[in-house]
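K.L.:
Mapping of the sequence shown onto the working numbering: residues 47 to 676, in sequence order.
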Amino acid sequence: MKKTLKVVYLSTFPPRECGIATFTSDLTRAMDNMFESVIESRVAAVNADDISRYNYPKEVIFQITQNFEQEYIAAAEKINGMDDVKLVNIQHEFGIFGGKYGSYIISFLEALKKPSIVTFHSVLPSPNSELRGIVRLISEKASGLTVMTNVSKKILVREYSIAEGNISVIPHGIHSVPYESGAKLKTALGLSKKVILLTFGFLNKGKGLEYIIEALPKVVKTFPDFMYIILGVTHPNVLKEGGESYRNFLIQKVHDLDLSSHVNFYNEYVSLDKILNFLKAADIYISTSLDPNQAVSGTLSYALGSGRPVISTPFAQAKEAVTSESGILVNFRDPDSYADAIIKLLKDPLLREQLGKNAYFRTRNMTWDNVALEYSKLFSKYSGNIAEVSERKKTPRINFNHMFSLTDDFGIIQFARLSLPDISSGYTLDDNARALIAACLYHDKLSEKLKAAYPDKKRIHLLKRIETYLRFIEFVLDEKGVFHNYVRSGKTIDLGLSEKENLDDANGRALWALGVAAAADFIPESLRDKALNLFKKRIEKYNMFESPRATAFYIKGLCLLLRKIKDIGGIELEKIVITHCDRLLSLYRGVSSENWQWFEDYLTYSNAVLPEALILGHERTRNSEYLDIG
47 MKKTLKVVYL STFPPRECGI ATFTSDLTRA MDNMFESVIE SRVAAVNADD
97 ISRYNYPKEV IFQITQNFEQ EYIAAAEKIN GMDDVKLVNI QHEFGIFGGK
147 YGSYIISFLE ALKKPSIVTF HSVLPSPNSE LRGIVRLISE KASGLTVMTN
197 VSKKILVREY SIAEGNISVI PHGIHSVPYE SGAKLKTALG LSKKVILLTF
247 GFLNKGKGLE YIIEALPKVV KTFPDFMYII LGVTHPNVLK EGGESYRNFL
297 IQKVHDLDLS SHVNFYNEYV SLDKILNFLK AADIYISTSL DPNQAVSGTL
347 SYALGSGRPV ISTPFAQAKE AVTSESGILV NFRDPDSYAD AIIKLLKDPL
397 LREQLGKNAY FRTRNMTWDN VALEYSKLFS KYSGNIAEVS ERKKTPRINF
447 NHMFSLTDDF GIIQFARLSL PDISSGYTLD DNARALIAAC LYHDKLSEKL
497 KAAYPDKKRI HLLKRIETYL RFIEFVLDEK GVFHNYVRSG KTIDLGLSEK
547 ENLDDANGRA LWALGVAAAA DFIPESLRDK ALNLFKKRIE KYNMFESPRA
597 TAFYIKGLCL LLRKIKDIGG IELEKIVITH CDRLLSLYRG VSSENWQWFE
647 DYLTYSNAVL PEALILGHER TRNSEYLDIG
């Protein structure tokens, strides 16, 4: 059995209450989920002092006291002696590592003999010479760097003179949640009739919450039915130095402005699930940083990723992430600017909804699974051992929930509004053919272990869907042997729309789908026979196509059938394969040259199916020219 590789993360870590700790916990969890039993995460956790100790989980293998330089060196030396550790990732933030500007990291890197990646959470512009020198030294000692925004990368290149090629950009991660309205969650909060404004995160003076509170009297005059929720505890460092003075200052301001019925404080360190529930319940998220140089905000990322329209000050990440299509940027320390933005969004529910949808769909690259994938690529660049095993990452379990939710008793509906079927869009042969292919392949792939791994009712449900898609294909076949593509929501064929378009591709794809179903090993014989009969009716009447892709789809269906049968009603299938492969060869010869080896003068969609069809044709006929061109 091969030994599991390890990556060590130098960072703060839960249960320590810290934004970097939360980030590292989320990242390591995503990495471990993706690379289960191949690559495992371990943590060297940084504590604020020699008194603070936590009941850490098993992932934490070392603890380092922030201001004890020797402990950094000792940790590096221990890691050097661990053969299974192939890389170290330092989650860097000013203030959590010891030395001037966190310079003890340099001592750690100098002692470390393993590849290392430094993730800079903050990148400060206009550095003084000492800060610039320390960051440059860190970059020189590390194997590679990553930041979370393009702005941060530009600052490192322009103001720290760090080589651009050494810096990767990987966004702050977000949790994958479905896009949904917050009606149910509002009810759970007892705020079903309120519009909810939300800010969450650690409280400190740099949060600038007083400027929002000062904006609210102007909002109340026009929209009295809102609630502004301030969610989160005071930052532990702030609490240690000044207690709850900032929170008390905010509460007093709420009372002075007679806003007690419009502002709620939730003074608790909330779980991830609770944070996500509050975000789902919110109608508008307000990001309030007073630091124009703040490189990244996890709370802003979470809000955008939850599909919430955002009002934000123009700090570094916000200027990049909050566009006019996902939110509104407001001036620093400007209550009137906040008030105008809030009123604009409260006046226009449709605008709020559209901004939220835009925010949601533009952040799918930021889900933790995708961020983990980017980190794995970066780690592979600097560690050959990780590169060797990273292809063995765990693949997600196939999930047909959305496809089946779009399927009614007639077929699969053409379009959805987000996750909801849009029945007004009707049905198409194209989509039902695709659905039939997917359902049959899924059934055959899992059939050996289907009964053991899944309840029988799931198998029955899957077969019922296969029957539905076959029945739809039968419905659109006319007496001339042609499949029509478009069916209205009222379940009548739209002949006008079908006649306006070339039906070749839809017909070719349908024949491929029928070939998949007829040749399937494990679906019931009655369904295989139905698919074969429909295939036969189609090719008896008409079996030539103008479209190269339709030709290729047809070849795929024929080659699948040839694994089971030689002919259909006296029609020799291999001869049809040869005829259609020769047609693809003819197209290839007609346009190819030394610098353009292809079947057409251009590239368009589904290009790979053309050479694939020739390769499959070679498997059936052993014609070497099919293989050479394919």
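Glycine included, each C-beta is placed from N, C-alpha and C at the ideal position.
Hey, how far is the Cα of G29 from the Cα of F166?
P.N.:
One cannot answer for residue 29 here, as it falls past the ends of the chain, which runs 47 to 676.
K.L.:
Between the alpha carbons of F269 and L391, how many angstroms are there, rounded?
P.N.:
Cα to Cα, F269 sits roughly 11 Å from L391.
K.L.:
Who does D613 pair with in a DSSP beta bridge?
P.N.:
According to DSSP, which records beta bridges pairwise, D613 is partnered with E618.
K.L.:
Which partner residues of I374 appear in the DSSP bridge assignment?
P.N.:
DSSP, once it has assigned bridges, lists I357 as partnering I374.
K.L.:
For S372, count the other beta carbons within 10 Å of its own beta carbon; 16 or more makes it buried, fewer makes it exposed. Which is it?
P.N.:
By the neighbour-count rule (16 or more Cβ atoms within 10 Å), S372 is buried.
K.L.:
Applying the 10 Å Cβ sphere with the 16-neighbour rule, what's the burial state of D454?
P.N.:
With fewer than 16 Cβ atoms within 10 Å of its Cβ, D454 is classed as exposed.
K.L.:
Determine the burial state of A559: buried for a count of at least 16 other Cβ atoms within 10 Å of its Cβ, exposed for fewer.
P.N.:
With 16 or more Cβ atoms within 10 Å of its Cβ, A559 is classed as buried.
K.L.:
Do you know offhand how far G278's Cα is from Y312's?
P.N.:
So the two alpha carbons sit approximately 6 Å from each other.
K.L.:
Using the rule of at least 16 other Cβ atoms within 10 Å of the residue's Cβ for burial, across every protein chain shown, is H281 buried or exposed?
P.N.:
Result: buried.
K.L.:
In terms of DSSP beta bridges, what is H530 paired with?
P.N.:
Note: H530 sits in no beta bridge, so no partner.
K.L.:
Leaving out the 5 sequence neighbours to the left and right, which residues in its chain are closer than 7 Å to D524 when beta-carbon positions are compared?
P.N.:
Counting only Cβ-Cβ distances below 7 Å, and skipping sequence neighbours, we find H530.
K.L.:
Opposite L51 in the DSSP bridges: which residues?
P.N.:
Its beta-bridge partners are I85.
K.L.:
Within 10 angstroms of the Cβ of A405, are there 16 or more other Cβ atoms? Answer buried if so, exposed if not.
P.N.:
Looking at its Cβ environment, which holds 16 or more other Cβ atoms inside 10 Å, A405 is buried.
K.L.:
Do you know how far the Cα of L604 is from the Cα of I622?
P.N.:
Cα to Cα, I622 sits roughly 8 Å from L604.
K.L.:
Keeping to the same chain, check which residues put their C-beta closer than 7 Å to that of D674; ignore five residues upstream and five downstream.
P.N.:
Hits under 7 Å: none found.
K.L.:
From the DSSP output, in three-state form, read off I152 for me.
P.N.:
I152 falls in the helix class under three-state DSSP.
K.L.:
How many Å lie between L543 and G615 at the Cα?
P.N.:
Straight-line Cα distance between these residues: approximately 33 Å.
K.L.:
If the criterion is Cβ atoms closer than 9 Å, does the pair L56 and A90 meet it?
P.N.:
Result yes, Cβ atoms of L56 and A90 sit closer than 9 Å.
K.L.:
Leaving out the 5 sequence neighbours to the left and right, which residues in its chain are closer than 7 Å to L231 when beta-carbon positions are compared?
P.N.:
Within the same chain, L231 has close Cβ partners N323, K326 and A327.
K.L.:
Between which two residues does the beta strand (DSSP E) holding R463 run?
P.N.:
Looking at the DSSP string, the run of the beta strand (DSSP E) that includes R463 is I459 to R463.
K.L.:
Between the alpha carbons of N431 and A76, how many angstroms are there, rounded?
P.N.:
Roughly 20 Å between the two C-alpha positions.
K.L.:
Indicate whether the contact test is met: 3 or more Cβ pairs, each with one atom in the region 223 to 242 and one in the region 259 to 267, closer than 8 Å.
P.N.:
No: the two stretches stay apart, fewer than three of their Cβ pairs being nearer than 8 Å.
K.L.:
If you draw a straight line from the alpha carbon of S185 to that of F143, how long is it in whole angstroms?
P.N.:
Approximately 16 Å, taken between the alpha carbons.
K.L.:
Can at least three beta-carbon pairs, one atom from the region 237 to 249 and one from the region 365 to 383, be found at a separation below 8 Å?
P.N.:
Segments in contact, no.
K.L.:
Using only alpha-carbon positions, find the residue among D415, K439 and R354 that is nearest to R398.
P.N.:
The residue with the shortest Cα to Cα distance from R398 is R354.
K.L.:
Do I73 and V417 have their CB atoms nearer than 9 Å?
P.N.:
Here residue 73 is Leu; the residue named in the question, Ile, does not match the sequence. Taking 9 Å as the Cβ cut-off, L73 and V417 qualify as a contacting pair.
K.L.:
Decide if H626 is buried, meaning its Cβ has at least 16 other Cβ atoms within 10 Å, or exposed.
P.N.:
Its Cβ being crowded by 16 or more others within 10 Å, H626 is buried.
K.L.:
Specify the secondary structure class of D271 as computed by DSSP and reduced to three states.
P.N.:
Three-state DSSP puts D271 in coil, outside helix and strand.
K.L.:
Which class does P657 belong to by DSSP, given the choice of helix, strand or coil?
P.N.:
Helix.
K.L.:
Please report the Cβ distance between V300 and S291, rounded to the nearest whole angstrom; I am assuming they are in contact, meaning their Cβ atoms lie under 8 Å.
P.N.:
So it is not a contact: roughly 15 Å between Cβ atoms.
K.L.:
Excluding the 5 residues preceding and the 5 following V197 in the sequence, name in chain order all residues of the same chain whose CB lies nearer than 6 Å to its CB.
P.N.:
Here the set comprises A362 and E366.
K.L.:
Roughly how many angstroms separate the alpha carbons of A596 and R635, rounded to a whole number?
P.N.:
Spanning the two alpha carbons is a distance of roughly 19 Å.
K.L.:
So does the region 189 to 206 actually touch the region 158 to 165, counting three or more Cβ pairs closer than 8 Å?
P.N.:
Output reads yes: the region 158 to 165 touches the region 189 to 206.
K.L.:
Could you pull the start and end residues of the alpha helix (DSSP H) that I208 belongs to?
P.N.:
Looking at the DSSP string, I208 is not in any alpha helix (DSSP H), and its letter there is neither H nor E.
K.L.:
What is the rounded straight-line gap between the Cα of V533 and the Cα of S451?
P.N.:
C-alpha separation (whole angstroms): 19 Å.
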